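See structure below.
Residue numbers (UniProt numbering): 1 to 713.
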């Protein structure tokens, strides 16, 4: 800067009064000072030097104008969204949430309430949203890369997956083929009747309206992207689940001539959902309906290929989208205004369903997950779902709910959450390094087993009642009563199978080591309870074919049958307990024989089990395979006579009945151990991992698994 434009620095304002400075006295710097008071002189301070006033510079005017432009830009980009929760002005960003958490109403300072500070926070939030807000992305990519068309459902398998954009363009366009509206209604009805009660994460009364709205969007260009993208993901998941669970009895609905034709379409619907999701989650915000569709598709993949990478990818994507939608903070204080909305309650159901699945996966699929879960309780603010039916969900409802002893559509999901909490405590007890070095100690397993036993004892009694008793006692409709009974059987089977799986690492050691005899007894008893529960369900007269489409049920029966089978093989042939266990194996074979027509996995399980049974002559009462008699699918037919009387309900399980039904007193375990002390842990671990990683169980090398115990037979 030139010297002529430099301004002389302003002299510092003196601290002494004018009278003391003129008389060169020492001023005590009070007002008035002591010198002026003693001399009766007016004490005057030096006048403050004020900066010269003048018109604002051009730079200041330019900054003010730029701020005004930013404010107008922010106002123009505020678009109303129909989301489940109205966010706080700063809620959408982590920085805004940090500001709200660090400045509470009780500790807020007066400076924090100044309009300038609030404006600054809003500006910071906007600047952050430039690189973190998905709404800034263009949402036209979905419609430019995908097109939705409909045709008769029987032609979808042969319909082209890609079409040309126009006659003059050779750019391929992904085409998602949907069934006709009347056919989609049948698939939706199938899902609601036979599948929805297993994972109830939707508001069922609104599904018909949503389906109609989704098909209306097909006739308007780009409307699927703007209004029906989430609904399309939901119904693609529903179509996949409905066709995957299609049974021979469902062929009377008129859509498919055989269940195999319907089942083959399930993978097509999942692939279509993955293609839509691949574009949607990168170009637009996926709604709660879309997250529901992804969750349903993950279970379809689980039943088809096991807990594979594809299944884990869909499940993890559902968790990611749920967090992006704010489902993990539904009950944060900033969302208090929407806490009593029906849509918020549906969001709680969806979030806790994902959390329960996340917590159960490390315990149920240990080899595939290795003791890791993603949802920490301290990193979410969501209340558990209310024990209410869908018809009772209205906006502005109170938080009052029915007691857990009263059956609702949420009874089974709430019990599932309780099991998940026990499984999470199992993972918390187990350090990550232990997952790779032998697993939990026996004491820790027994502690978890105690919690599981207490849970079994506390299962509501209505899960063990017959349909007629449920209708009379709780005034339930026949369809709702059937769903409650099926949920009860499913709950007991999965709980007992989880308990059996828990003790498998110490099962074989319990045969030769007294210290682990309790694990051996509990594992065997749990396996027999799984077989008993499924036998009761098969003889109940209920429609059970759909349940065999669930991989967890079929795998539970097979695991239980193998545990009982290997126990039978290792027992002394003269043992009286051998006859009892042979009867359990017969029951397991009957269950798999009943399920193999509806589940390819069950058919493979049955073939593997029968090879071992016939080779070692475990059950002499099993009839030989009829020569030349085959089913349509090429599987053998086994002539197994069922001597059980039909039953309608699952007996209530209490500590007393457990001890009575154990038959532990009939088993002389200590005197019937193998003499060579063979450790069978490797066989059970390999068997369990085959379920977890989606391995073809039909290709298991049974000769290798049983070669180590041949001398015992």
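Glycine included, C-beta positions come from ideal geometry on N, C-alpha and C. These numbers were taken from a predicted model, which means no experiment stands behind them.
A contact is defined here as three or more CB-CB pairs under 8 Å, and the segment 337-355 meets this definition with respect to the segment 405-423. Straight across, the Cα-Cα distance linking residue 521 with residue 594 is about 28 Å. Residue ranges of uninterrupted alpha helix (DSSP H) with 4 or more members, entirely inside the segment 487-567 and ordered along the chain, are 509-512 and 517-538. Contact annotation: residue 491 and residue 463 have beta-carbon atoms nearer than 8 Å. With fewer than 16 other beta carbons inside 10 angstroms of its own, residue 42 counts as exposed. Secondary structure at residue 611: helix, using DSSP grouped into helix, strand and coil. By the beta-carbon neighbour count (other beta carbons within 10 angstroms, threshold 16), residue 538 is buried.
Spanning the alpha carbons of residue 63 and residue 165 requires a straight line of approximately 48 Å.
Taking 8 Å as the cut-off, the Cβ atoms of residue 325 and residue 291 count as close.
Straight-line measurement puts the Cα of residue 125 at about 54 Å from the Cα of residue 559.
As for any alpha helix (DSSP H) of minimum length 4 sitting wholly inside the segment 269-350, the runs are 288-305 and 309-324, ordered along the chain. Contact annotation: residue 231 and residue 214 have beta-carbon atoms nearer than 8 Å.
Looking at the DSSP output, residue 162 shares a beta bridge with 174. With a cutoff of 8 Å on beta-carbon distance, residue 359 and residue 420 are scored as near each other.
When the alpha-carbon of residue 423 is set against those of 447, 204, 400 and 200, the nearest one is in 447. In its chain, beyond the 5 residues on either side, 178, 211, 215, 235 and 239 have a beta carbon closer than 8 Å to the beta carbon of residue 184. When the alpha-carbon of residue 152 is set against those of 180, 339, 425 and 163, the nearest one is in 180. Looking at the DSSP output, residue 147 bridges to 175. Assignment of residue 446 by DSSP, reduced to helix, strand and coil, places it in the helix class.
Contact between residue 401 and residue 389 is ruled out by a C-beta separation of about 10 Å, above the 8 Å threshold.
Per DSSP, the continuous alpha helix (DSSP H) segment holding residue 423 begins and ends at 411-429. One Cα belongs to residue 411, the other to residue 404, and the distance between them is close to 7 Å. With respect to residue 605, residue 554 sits close: the two C-beta atoms are nearer than 8 Å. For the pair of segments examined, the segment 521-536 was found not to touch the segment 461-479: the number of CB pairs separated by less than 8 Å stays below three. For residue 583, the enclosing alpha helix (DSSP H) stretches over residues 577-595.
Non-local C-beta neighbours of residue 318 in its own chain, meaning closer than 8 Å and more than five positions away in sequence, comprise 291, 294, 295, 298 and 354, ordered along the chain. In chain order, 341 and 342 place their CB closer than 6 Å to the CB of residue 395, counting only its own chain and leaving out the 5 sequence neighbours on each side. Contiguous alpha helix (DSSP H) elements confined to the UniProt domain "Zn(2)-C6 fungal-type" (16-45) occur at 18-23 and 34-38, taking only those with 4 or more residues.
The C-beta separation of residue 173 from residue 195 comes to about 32 Å, leaving the pair out of contact by the 8 Å criterion. About 5 Å separates the beta carbon of residue 557 from that of residue 591, a gap short enough to meet the 8 Å contact definition. If you draw a straight line from the Cα of residue 570 to the Cα of residue 528, it is about 17 Å long. In the DSSP assignment, residue 213 falls within the unbroken alpha helix (DSSP H) covering 207-217. Between residue 282 and residue 186, the C-beta spacing is not below 8 Å. Within a 10 Å sphere around the beta-carbon of residue 365 sit 16 or more other beta-carbons, which makes this residue buried. 8 Å or more divides the Cβ of residue 531 from the Cβ of residue 576.
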